[in-house]
Structures are given as structure tokens and as C-alpha cells.
Amino acid sequence: MQVSDSQILDGVKSGDRKFFAKLLSICEDDSVRANRLISNLEKRTAHVIGITGSPGVGKSSIINAILDKSVDKKIGVIAIDPSSPFTGGALLGDRIRMQSHATSKNFFIRSFASRGALGGLSPSIFETCDAFETFKVDAVFIETVGVGQSDVEIGNVADTVVVLISPDGGDEVQMMKAGLMEIADFFVINKADNPISKALLSKLRNILEMGKKDVPIFLTNSITGEGIENLTKALDKRFSSILENGLLAQKRQKRVTSHAQSILRKRIDDILQTVKTDQLDLEEIQKAVIRKICGNL
Amino acid sequence: MIKVLIAKPGLDGHDRGAKIIARALRDAGMEVIYTGIRQTPEQIVQTAIDEDVDAIGISILSGAHMKLIPRILELLKENNSNVPIFVGGIIPEEDADKMKKMGIIEVYGPGTPTSVVIEGIKGYFEHASV
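These protein sequence lines map, in sequence, to chains A and B. Residue numbering for the first sequence is 1240 to 1536, as defined by the numbering used here. Residue numbering for the second sequence is 1266 to 1395, as defined by the numbering used here.
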């Protein structure tokens, strides 16, 4: 169904889910139109929370457990799963853990395919976050693709990054490594019913003591709900404190740069697709791309 | 990019068929949302709207299709949505005919090759866009 700009604007302003869903599709398919629409809508700052960690660590389940405890809040969920590098297809299965909330009026869960974006995000992540702020949610949870040690992009998008670790995630040296372990504002050791989780907690504490950044660690069990309230309270507390101390404003300012970078990368990728690379050498390919960018200005 | 919701309403827990279809559509280049077993018509319709999918694939083996499918169609109508629905599962021929009259695009029985389902969905959108 084709919908006009004015239909989308009126629909989103009146809080109509159907038109908000269309706006999210526009974010995915036409970022120029999405950014134009978003700039015509009133935004309210929401706490953007990144939930990241390796595949199967419990990212979807912990968001579900957080939703269970947040019935009085308006929350958006952006659940990202990988696209196939071969067919472009994707199996978006994060929702399966959150389906009990599918009909909740206060929650809006949306699945995204990574569509070639790196870092465990989707190419439209910035537009999508902005769109959720026009829908006046209190918080947006971004569930990244199951990530590896160097997928740190979420740190450029989220106001707060929660890194989930599985009890059997590895020894101290794994936790000393740069990358993912450095971007955490909170650590969560999920699946706390596993006896190894207590041992991991003390190992992680030891490692954190060696550094300068004080990162709180939470032990949770998403199935029983154990530890979830501590986490949600800490998230709320952090949001008010970063609002107050100016860290949020600073992060949002930096996010504009990251957003511009993401748009430029996408444009270069698109142009590169149109250049006949098989007839050119490395230098000529680069010149052809730069010429096309300059020609488009 | 075609975005499809694969959903299993009702109480039967046999989702191998739904999973095979979800996987085949993924390999055919579609974005497939899989929501698992025991979904209510309300959950399915709300998910289809929030996810803004292009099509819904419903898998039913329980025999309750003549209750569940009309309810899903009714809810879609209430939400002014005309998203096309494809059904797969154990469906007697006479019921399949009735469902098509209600507006279901196609009904696939046991043993249908996945290529037929893929072509059915792709074909629908090729015709729809012409």
C-alpha cells in the first residue's frame, strides 16, 4: 500500500500504529524520505539502550523480561537479525521470545534485517531511532545481531550499552580484550541459574578493577525474572543522570557525526555498485567513485 | 524486498513445516519473520501490522482452520489491512475452496514443493505490481 507524506505525518501525530509501521518501512527503504518526514515531526528524547552480545546469549529474552516489568512505560524495540550475504534473505526470529507482548498497546516491536550493515546493526538504525522518538516512546531497546568481539557500532547509536555475557563465555583473558568489552556501560551475566555464573562474576570484577571505568555488573535470569528489576532501575537512574550531567547531549551530538558517516558510507556503496570495476584498476575505481560523488553534489 | 510473516495459530505444536517454509523463503531472498507456535489471531494480525509485512503465511495442522482463518481475516478488515494471506497445512479440499472464496490467495497441502510456494508468493507480487 502506497501512503502519502501527509497521511504518514497525520497518522504518526495521532499515534496510529499502522502509519508508524509505514514510517519504519520508509526508514528502511528510502532514508532521504524518512529523514524529511522525521524532520516534520515533533520528537521527544527517549533513552536509547543497546542490548548486545554473542548469538544465543539471551538478548531477546532479557528484553522480553524487561517488558514484563515495564507495563507502565511506552517502549520501542528494534530487533536486528542478519541478512544472507548470498541471497539477501533473512530469518527474523527475535520476536519469538517477545510475542506475549505483541498485542500490548504500550510496546512496539519491530524486526530489521542487517542488509549488509556492519557492527550488528541495520543500515537504517539512525532513522529508525529518530522515528521512535517521534512516536513519543520513553525508551528504545536496540537488540543487535549476535555479535563478535569487534562489533562496537552500537556505542555510536545507543545512549547506554548493555553487554550480555554468557556464563560459559571464556576466561579472564577474553574479558581483557579490547573492543566489545570496552563499550559496556552495564554488564549483564545472563542465565544466572548456571552455577558458573558466580565464578564469572568474580572474574569480571577482578578484570574491571584493573581499569579506570567503573561498570556495574548484573546477574539475571530472564526466564524467572531474577535480577531484572535491579537492571531496569539502574537503567532509569542512568538516564536521569546522563540527562542531567550533559553526557546525553554530548552523545547525541556525536551521533550526528556517526549518522552522517553512515549516510556517506551507504552512498559510496551504492555508487560503487554502478561502477564497472572489472575494466578499471584500483586507482581508477576510486577516482570514478569520487567523480560520481562530486557530480551528484 | 518481500517481507513475510510466517505464523502458526492454534494449539498444535508441530512447526517443522512452518520452519521449512520460513527457511525456504529466506533462501529465496525474502525477509521472513517467524513468530513460533501457539499464536492467537490477535497476535498474528498485530504483528503483521507492526512489522508492515507484504504477506502472511499461516501454517495449520490442527483442523481448526475454519475457525482461525475467518477470525484473522475479520481482524485484518477491522484494521483496514488487505495484506495477502497464504495458507499451508492439512486442509481438506472443500475447505480450501471455501477459504479461497473468503480471500485467501492460495492453500498448499502436504508434499507441496517449496519452489511452488516461493513462485506463488513471488508471482503474486509480480502481478500485483503490473
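Think of the CB as a built atom: it goes at the ideal place given N, C-alpha and C, for glycine as much as any other residue.
Query	Result
Consider the Cβ of G1328/A: report whether some Cβ of chain B lies at a distance smaller than 7 Å.	yes
Assign G1322/B to one of two classes, buried (16 or more other C-beta atoms within 10 Å of its C-beta) or exposed (fewer than that).	buried
Applying a beta-carbon distance threshold of less than 8 Å, which residues of chain B neighbour G1315/A?	Under the 8 Å cutoff, chain B gives no residues; its nearest Cβ is about 10 Å from G1315/A.
Compare the beta carbon distance of V1348/B and A1313/B with 7 Å and say whether it is the shorter of the two.	yes
Along chain B, in chain order, which residues have C-beta atoms closer than 7 Å to that of Q1194/A?	In the structure as shown, chain A starts at 1240 and stops at 1536, and residue 1194/A therefore has no counterpart that could be examined.
Is the CB of S1245/A under 7 Å away from at least one CB in chain B?	no
According to DSSP, is A1260/A part of a helix, a strand, or is it coil?	helix
Leaving out five residues on either side along the sequence, give the residues of the same chain with a beta carbon under 6 Å from the beta carbon of A1433/B.	This structure cannot settle anything about residue 1433/B, because the visible part of chain B is limited to 1266 through 1395.
Beta-carbon within less than 7 Å of S1327/B's beta-carbon, same chain only, minus the 5 sequence neighbours each way: which residues are those?	G1275, L1276, D1277
Is it the case that the Cβ atoms of V1310/A and A1397/A are separated by a distance below 7 Å?	no
Cutting at 7 Å between CB atoms, please list the residues of its own chain near L1487/A, excluding the five before and the five after it.	D1398, I1481
So, is K1261/A buried or exposed, given that buried needs 16 or more other C-beta atoms within 10 angstroms?	buried
For the beta strand (DSSP E) that contains D1320/A, what are its first and last residues?	1314–1320
Are there 16 or more other CB atoms within 10 angstroms of the CB of G1289/A, so buried, or fewer, so exposed?	buried
Does T1471/A come within less than 7 Å of chain B when only Cβ atoms are used?	no
DSSP on F1325/A, reduced to helix/strand/coil?	coil
Can you list the residues of chain C that I1335/A reaches, using a CB-CB cut of under 7 Å?	In summary, chain C is missing from the structure at hand, where the protein chains are A and B.
By Cβ distance below 6 Å, which residues in the same chain neighbour V1395/B in space, the five residues on each side in sequence not counted?	The pLDDT assigned to V1395/B is 45, lower than 50, so where the model puts this residue is not dependable; a value taken from the coordinates is nonetheless given after this. Cβ within range, chain order: n/a, list empty.
Around the Cβ of A1499/A, are there at least 16 other Cβ atoms within 10 angstroms (buried) or fewer (exposed)?	exposed
Using three-state DSSP, classify L1447/A as helix, strand or coil.	helix
With C-beta atoms as the reference, is R1349/A less than 7 Å away from L1263/A?	yes
So with CB distances below 9 Å, who are the chain B contacts of I1348/A?	T1312, D1315, E1316
For I1369/B, count the other beta carbons within 10 Å of its own beta carbon; 16 or more makes it buried, fewer makes it exposed. Which is it?	buried
Going by alpha carbons, who is nearest to G1327/A out of G1354/B, E1296/B, I1350/B?	E1296/B
Whose C-beta lies closer than 8 Å to the C-beta of K1365/B among residues of the same chain, with five residues either side of it excluded?	E1371, V1372
Let me confirm a value: N1345/B is counted as buried when at least 16 other C-beta atoms fall within 10 Å, else exposed. Which label applies?	exposed
First and last residue of the beta strand (DSSP E) that includes F1457/A?	1456–1458
Going along the chain, which unbroken runs of the alpha helix (DSSP H) with 4 or more residues stay wholly within the region 1361–1411 of chain A?	1364–1373, 1393–1396
Here's the rule I'm using: 16 or more other beta-carbon atoms within 10 Å means buried, otherwise exposed. How should V1251/A be labelled?	buried
So, are the CB atoms of F1478/A and L1470/A less than 7 Å apart?	no
Identify whether Q1304/B lies in helix, strand or coil by the three-state DSSP scheme.	strand
Name the residue from A1329/A, I1277/A, R1494/A whose alpha carbon lies nearest to the alpha carbon of K1268/B.	A1329/A
So that I know if they touch, is there some Cβ in chain B lying closer than 7 Å to that of I1378/A?	One detail in the question is off: residue 1378/A reads as Ala in this sequence, not Ile. Not an interface residue.
Per DSSP, G1353/B forms a beta bridge with which residues?	S1324/B, Y1373/B
Any Cβ of chain B within less than 7 Å of the Cβ of G1250/A?	no
With DSSP run on the structure shown, which of helix, strand or coil describes V1296/A?	coil
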